[in-house]
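In what follows, a single structure is set out as structure tokens and then discussed.
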Amino acid sequence: MAEIVKSESEGRYTPAEIEPKWQARWDSDPTLYAAEAHEIGKPKFYCIEMLPYPSGQLHMGHVRNYAIGDALARFMWMRGANVLHPMGWDAFGLPAENAALKNNTPPAEWTLANIAAMRQQMRRMGLSYDWATEVTTCLPEYYRWNQWFFLQMFKAGLAYRKKSKVNWCSECQTVLANEQVIDGKCWRHDDTLVEQRDLTQWFLRITKYADELQSGLDKMEGWPEKVRTMQRNWIGRSEGTLVDFVVAASEQSVQKIIVFTTRVDTIFGATSIQLSPEHPIAKSFAENNPVLAGQIEEMLAQQKAAREAGDLGAIEKHGVPTGKFAISPFNGELLPIWVANYILSDYGTGAIMSVPAHDERDFEFATKYGLTVRRVIAPKKATDEAPTLPFVEKDDAVLVNSGQWTGESCAEAQKHMAAFAKKNKFGMATTTYRLKDWGVSRQRYWGTPIPMVYCTNGHAGVEGNAAVDPGGVVALPESALPVLLPAQVEITQKGGSPLGRVEDFVNTTCPVCGGPALRETDTMDTFVDSSWYFYRYTDAKNSAAPFDSAKANYWFPIDQYIGGVEHAILHLIYSRFWTKVMRDLGLINNDEPAARLFTQGMVIKDGAKMSKSKGNVVSPDLMIERYGADATRMYALFAAPPDRDLEWLEEGVGGISRFLGRVYRLTTKFSEFARQQGSETVPNAAEAKLLRTLHQTIAKITEDFSGRWHFNTSIAAIMILVNEIAAAETLMDEGKISGAVIAEIFRSLTQLLAPFAPFLAAELWETVGGEGVVFRAAWPVANAELAREAEMEIPVQCNGKLVTVISVPAGSDSATIQAAALADAKVAAKMEAKTVVKVIVVPGKLVNIVVK
RNA sequence: GCCCGGAUGGUGAAAUCGGCAGACACAGCGGACUUAAAAUCCGCAGACCGCAAGGUCAUGGGGGUUCAAGUCCCCCUCCGGGCACCA
Numbered sequence: 034m035a036e037i038v039k040s041e042s043e044g045r046y047t048p049a050e051i052e053p054k055w056q057a058r059w060d061s062d063p064t065l066y067a068a069e070a071h072e073i074g075k076p077k078f079y080c081i082e083m084l085p086y087p088s089g090q091l092h093m094g095h096v097r098n099y100a101i102g103d104a105l106a107r108f109m110w111m112r113g114a115n116v117l118h119p120m121g122w123d124a125f126g127l128p129a130e131n132a133a134l135k136n137n138t139p140p141a142e143w144t145l146a147n148i149a150a151m152r153q154q155m156r157r158m159g160l161s162y163d164w165a166t167e168v169t170t171c172l173p174e175y176y177r178w179n180q181w182f183f184l185q186m187f188k189a190g191l192a193y194r195k196k197s198k199v200n201w202c203s204e205c206q207t208v209l210a211n212e213q214v215i216d217g218k219c220w221r222h223d224d225t226l227v228e229q230r231d232l233t234q235w236f237l238r239i240t241k242y243a244d245e246l247q248s249g250l251d252k253m254e255g256w257p258e259k260v261r262t263m264q265r266n267w268i269g270r271s272e273g274t275l276v277d278f279v280v281a282a283s284e285q286s287v288q289k290i291i292v293f294t295t296r297v298d299t300i301f302g303a304t305s306i307q308l309s310p311e312h313p314i315a316k317s318f319a320e321n322n323p324v325l326a327g328q329i330e331e332m333l334a335q336q337k338a339a340r341e342a343g344d345l346g347a348i349e350k351h352g353v354p355t356g357k358f359a360i361s362p363f364n365g366e367l368l369p370i371w372v373a374n375y376i377l378s379d380y381g382t383g384a385i386m387s388v389p390a391h392d393e394r395d396f397e398f399a400t401k402y403g404l405t406v407r408r409v410i411a412p413k414k415a416t417d418e419a420p421t422l423p424f425v426e427k428d429d430a431v432l433v434n435s436g437q438w439t440g441e442s443c444a445e446a447q448k449h450m451a452a453f454a455k456k457n458k459f460g461m462a463t464t465t466y467r468l469k470d471w472g473v474s475r476q477r478y479w480g481t482p483i484p485m486v487y488c489t490n491g492h493a494g495v496e497g498n499a500a501v502d503p504g505g506v507v508a509l510p511e512s513a514l515p516v517l518l519p520a521q522v523e524i525t526q527k528g529g530s531p532l533g534r535v536e537d538f539v540n541t542t543c544p545v546c547g548g549p550a551l552r553e554t555d556t557m558d559t560f561v562d563s564s565w566y567f568y569r570y571t572d573a574k575n576s577a578a579p580f581d582s583a584k585a586n587y588w589f590p591i592d593q594y595i596g597g598v599e600h601a602i603l604h605l606i607y608s609r610f611w612t613k614v615m616r617d618l619g620l621i622n623n624d625e626p627a628a629r630l631f632t633q634g635m636v637i638k639d640g641a642k643m644s645k646s647k648g649n650v651v652s653p654d655l656m657i658e659r660y661g662a663d664a665t666r667m668y669a670l671f672a673a674p675p676d677r678d679l680e681w682l683e684e685g686v687g688g689i690s691r692f693l694g695r696v697y698r699l700t701t702k703f704s705e706f707a708r709q710q711g712s713e714t715v716p717n718a719a720e721a722k723l724l725r726t727l728h729q730t731i732a733k734i735t736e737d738f739s740g741r742w743h744f745n746t747s748i749a750a751i752m753i754l755v756n757e758i759a760a761a762e763t764l765m766d767e768g769k770i771s772g773a774v775i776a777e778i779f780r781s782l783t784q785l786l787a788p789f790a791p792f793l794a795a796e797l798w799e800t801v802g803g804e805g806v807v808f809r810a811a812w813p814v815a816n817a818e819l820a821r822e823a824e825m826e827i828p829v830q831c832n833g834k835l836v837t838v839i840s841v842p843a844g845s846d847s848a849t850i851q852a853a854a855l856a857d858a859k860v861a862a863k864m865e866a867k868t869v870v871k872v873i874v875v876p877g878k879l880v881n882i883v884v885k
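Position 220 (the first sequence) corresponds to 253 in my numbering; numbering is contiguous.
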């Protein structure tokens, strides 16, 4: 064996030198992180982290998100997959306009400068993105396809205009989608109450897919249950029955009140009909009844106020009788018609049947106004006392006092009664949703122009408000795309769409008649941009189509999508919708965008989410400067499992940095041996021990990547390995560990580190003489034989309490273990003067001796 | 109100299938090296009692199942998140 050359002058670990060196090398090789041709025959792996808004600065939440995705992408490369790992910029949005106001910089300039800065930060982090596929949503080469999709949806009847109540944020000076209103406040301004305004706006018909969006969730096993639950709640599917109640003695034509109920089985217990104050029939009753009209106005005002306060539930229930009656089609009974402030016009039909005996709210209301309460549901098992009202159970309950349905279970009766209603043409089973169509118009500048014009010649058949809509709505032909966003725009907070003040933009010609026309001056919600961006990654330079279907079909669905849970309702529902639309347009084959979704936890400092307002922001740049990118990202993976919140402790980053320094020192010190291709010999005890830990570590990390993603324990395992190598340092110095073993240990260690600390791994791979790029070197395979322990430590308990730990040869059977346990001196002492009742031996785990 | 998470040392956490609770770190304490400090290395460390050997108590609380419970079952508390007069 060669003499060990000790190098006491080995260099210190200096990430500030190592990292820029490798960063420059990687930058100069555009193929390094590029996906390969589809024909390559490798399994594909599409790994994406959610694209950031280019605010100008990466924050720790980004670092954590990208550290997870980057580790996975690198691991998959090392496992031989064809990996697509792209990055892009969600570049339209209000902050650019705010910055423009503040700094007098055009939004485009501000945004592109931020992108350049953040791209550089990402490089500094050592993230493995294929920049050739970069997507920037504010560039015409991208947003022209938003416009193209909008035209396809318009043609398909999925994009339409309507006047309706919309959410208005006075701070943003724009309309918000329902999904952007959080507890009655703006998603960007949590101190700004959202107002309700009547405006004519563009909507996308997401409700057409409500059923599929809901049912698809059941099959999405690769998504967190939490996200699926949130989406289920949001879509709010509800199965029930529509029932027509005819207004008795209608003077004019027959008036029908259509009621939606999920409990048609309780209909014999209905003792009144309650209308929403906006209900057309309520309004018709008010026409000749000024008192009622005034009361309805009051209730409308209450609802508006409550809606804006974000707490509809807080309204005190209040109603007024109209003096009119409706006929129950099931028993011909006359029910008084009321108008009530707790009935919402935008859910169900805006009218309910009130069943006080079997509904909490109806009971409260009936009690307040002294309305009749009639019991029509009873527990299946008769009890001495009737249950207290309201009795809302429907399982193990049956109908009473309900005509021919008396005695049926609630579930049976619901089916039979809906069928009866349908047969007799006064109702039917139906499904309603809480989900509303997606309002996409924004009265802002920095977004995708909507490719529609209004012809001043007013083509026939188009409805519209003349003030807003001077003429007919005309879609531009595809050849007119892109509708470019004008560069010179005065940004003010004055309200109204900024584009409306750009005359060159507004005035155009009608593509149908050639006459003068006005352009739509609203822009699209930025969530349109992010609804399909990951398809564009697969063919980012395509100027003839949003993407090539063959390419998208190769890569989709996304194998792993990683991001924050804050997008559970917004981006993650919109992009599922967009996927289904694209599928129905024949562009793609997949029904869902992502096979697996992972939502990482937040980064916390001093017990609160990092934010400027709390002053607890830690800058990634500062961490990189002090400890290096490797230590920074490795800490983000080490400090907590990825799905939990992570407390940022700078001392912890220092600890990781020291650990990496130890790895660096040991590896460089023994690099001469690591370069040797030693011949296989039978390992001695110390060698076997090192190899055992190594192969256990390989097995553990490989498993962590494929299942639990608990990278904190993966990194802990690497630390254990390094601690053991350090403990064997003297033996290595003395030549008692063969060069072949040293080579295997250090090479594998370098590879195990590669997904977590890529800069150091690249440096050490060179040091140990590894061939090619470490991120493409085949991931080490755990050798079960080498990983096996020779001896097993078996705890011995007496009545469940630990007495001692014995050591037996690995693989010993129960009898051997039991004999060894009973032979132990400490065990014998414990059992003195006692009777052994039972001995439990779990091979490989423990022995428990039960004594009396 | 309904639905999803979560609660383990001074701190972040580990225990993957019911089998030694606290791996791996951070902070702390002690020591080596140093004129000194930093860096590095070695060691100690759940709480309580005890000089020690050792013992007792401990995974938010209370019950239960089991030879054995952080882990399973029942009830409760607190924290985070989602939905909510949704008929």
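C-beta: ideal position from N, C-alpha, C; glycine also.
- Query: Which residues mark the beginning and the end of the alpha helix (DSSP H) in which K427 is found?
  - Reply: Note, K427: premise wrong, no alpha helix (DSSP H); not H, not E.
- Message: Please identify the residue among M83, E658, I370 whose C-alpha is closest to the C-alpha of E599.
- Response: M83
- Check each candidate in S845, V814, A817, F808 and name the one with the smallest Cα separation from G826. Gly is not the amino acid found at residue 826; the sequence shown has Glu there. Comparing Cα positions, the closest option is S845.
- Task: Check each candidate in S847, L727, K863 and name the one with the smallest Cα separation from K878.
- Result: S847
- Message: By the DSSP assignment, the beta strand (DSSP E) with G596 in it spans what residues?
- Response: 593-597
- Taking the CB atoms as reference points, tell me whether K227 and W267 lie closer together than 8 Å. Residue 227 is actually Val in this sequence, not Lys. Contact: no.
- Please confirm whether L679 and I637 have their CB atoms less than 8 Å apart. yes
- CA-to-CA distance, G352 to A601, given in whole angstroms: 37 Å
- Item | Own chain residues within Cβ distance below 6 Å of A124, not counting five before or after | P87, T144, T169, T170, C171
- Message: Tell me the DSSP secondary structure of Q830 in three-state form.
- Response: strand
- Item | Per DSSP, the bridge partner or partners of P482 | T556
- Task: Report all residues from its chain with a CB closer than 7 Å to the CB of W438; omit the five preceding and five following residues, and keep chain order.
- Result: L432, A446, H449, M450
- Message: Comparing C-alpha positions only, which one of I376, N115, V425 sits nearest to E393?
- Response: V425
- My understanding is that T207 touches T463, with C-beta atoms under 8 Å, so please give their C-beta distance in whole angstroms. With 8 Å as the limit, T207 and T463 do not qualify as a contact, their Cβ atoms being about 34 Å apart.
- Span separating the alpha-carbon of L367 from that of T405: 13 Å
- Task: Drop a sphere of 10 angstroms on the beta-carbon of D592, count the other beta-carbons inside from all chains shown, and report buried for 16 or more, exposed for fewer.
- Result: buried
- Task: Under the assumption that G94 contacts M667 (Cβ atoms under 8 Å), give the Cβ distance between them as a whole number of angstroms.
- Result: With a Cβ gap of about 17 Å, G94 and M667 do not count as contacting.
- Pull up the DSSP beta-bridge partners for S387, would you. S305
- Item | Cβ-based burial, N115 [other Cβ within 10 Å; buried from 16] | buried
- Message: Please report the straight-line C-alpha distance between K834 and R821, rounded to a whole angstrom.
- Response: 28 Å
- Query: So M461 is in the beta strand (DSSP E); what residue range does that whole segment cover?
  - Reply: 460-465
- Item | Cβ pair count under 8 Å reaching 3, the segment 682-694 against the segment 656-665 | yes
- Item | Residues near P515 in its chain [Cβ-Cβ closer than 7 Å; skip 5 each side] | P173, Y176, R177, Q180
- Counting only runs that start and end within the segment 627-688, where is the alpha helix (DSSP H) found for 4 or more residues in a row? 653-660, 662-671
- Message: Check whether the segment 58-72 and the segment 645-656 touch, using three or more Cβ-Cβ pairs below 8 Å as the test.
- Response: no
- Query: Closest to I370 by CA distance: which of A281, T726, V614 is it?
  - Reply: A281
- Query: Roughly how many whole angstroms lie between the Cα atoms of L377 and E212?
  - Reply: 18 Å
- Item | Residue ranges of each alpha helix (DSSP H) within the segment 737-824, 4 or longer | 744-760, 762-766, 772-786, 791-800, 817-820
- Task: Out of L723, R97, G44, point me to the one whose CA is closest to G596's CA.
- Result: R97
- Alpha-carbon to alpha-carbon, W565 and A823: 55 Å
- Item | Spatial distance of V495 from R221 (CA atoms) | Because V495 carries a pLDDT of 45, less than 50, the predicted location of this residue cannot be relied on, and the following value inherits that uncertainty. Computed Cα separation, rounded: 35 Å.
- What residue range is occupied by the uninterrupted alpha helix (DSSP H) comprising F21? This structure leaves residue 21 out entirely; the chain is present only between 34 and 885.
- Message: For the ligand ADP, is there any heavy atom lying closer than 7 Å to the beta carbon of G102?
- Response: In the structure shown, the ligand ADP is absent, as is every other ligand, since no ligand is present at all.
- Message: On the criterion of 16 or more Cβ atoms from any shown chain inside 10 Å, does E804 qualify as buried, or is it exposed?
- Response: exposed
- Query: Hey, out of P510, W471, A794, F792, whose CA is closest to V214's CA?
  - Reply: W471
- Three-state secondary structure (DSSP) at E174? helix
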